[in-house]
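Peer 1: Quick one: this structure, given as structure tokens, is what I'll be asking you about.
In the working numbering, the protein residues as written are 1 to 70.
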């Protein structure tokens with residue numbers, strides 16, 4: 001049986017469109033500089049209101065990635 005070790009980082013994604021797009025933006029941008037992404041967990045959800053309407057969504061994610069094997 002193989003033993004694995006992972007690391008968890010926190011990132012924040014934003015979108016003018018939707019919560020889903022904010023998540024996708026955060027994951028895709030993180031994938032540009034971190035290898036072996038495996039999972040995410042949304043830990044916070046916030047938004048910005050302007051003129052009585054939702055202007056922007058903001059999500060905080062924990063993203064887990066596998067460390068390189070020896």
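Ideal Cβ positions, reconstructed from N, Cα and C, are used throughout, including at glycine. All values derive from a computational prediction rather than experimental measurement.
According to the neighbour-count rule (16 or more other Cβ atoms, all chains shown, within 10 Å of its Cβ), is residue 59 buried or exposed?
Peer 2: When all chains shown are included, residue 59 counts as buried.
Peer 1: Could you please give me the residues that DSSP links to residue 14 through a beta bridge?
Peer 2: DSSP output for residue 14 lists 58 as bridge partner(s).
Peer 1: Measure the CB-CB distance between residue 13 and residue 26 and report whether it falls below 8 Å.
Peer 2: Going by C-beta atoms, residue 13 is nearer than 8 Å to residue 26.
Peer 1: Quick check: the Cα distance between residue 61 and residue 52, rounded to an integer number of angstroms?
Peer 2: In a straight line, the C-alpha of residue 61 is about 27 Å away from that of residue 52.
Peer 1: Would you decide whether residue 9 is buried or exposed? Buried here means 16 or more other CB atoms lie within 10 Å of its CB.
Peer 2: It counts as exposed.
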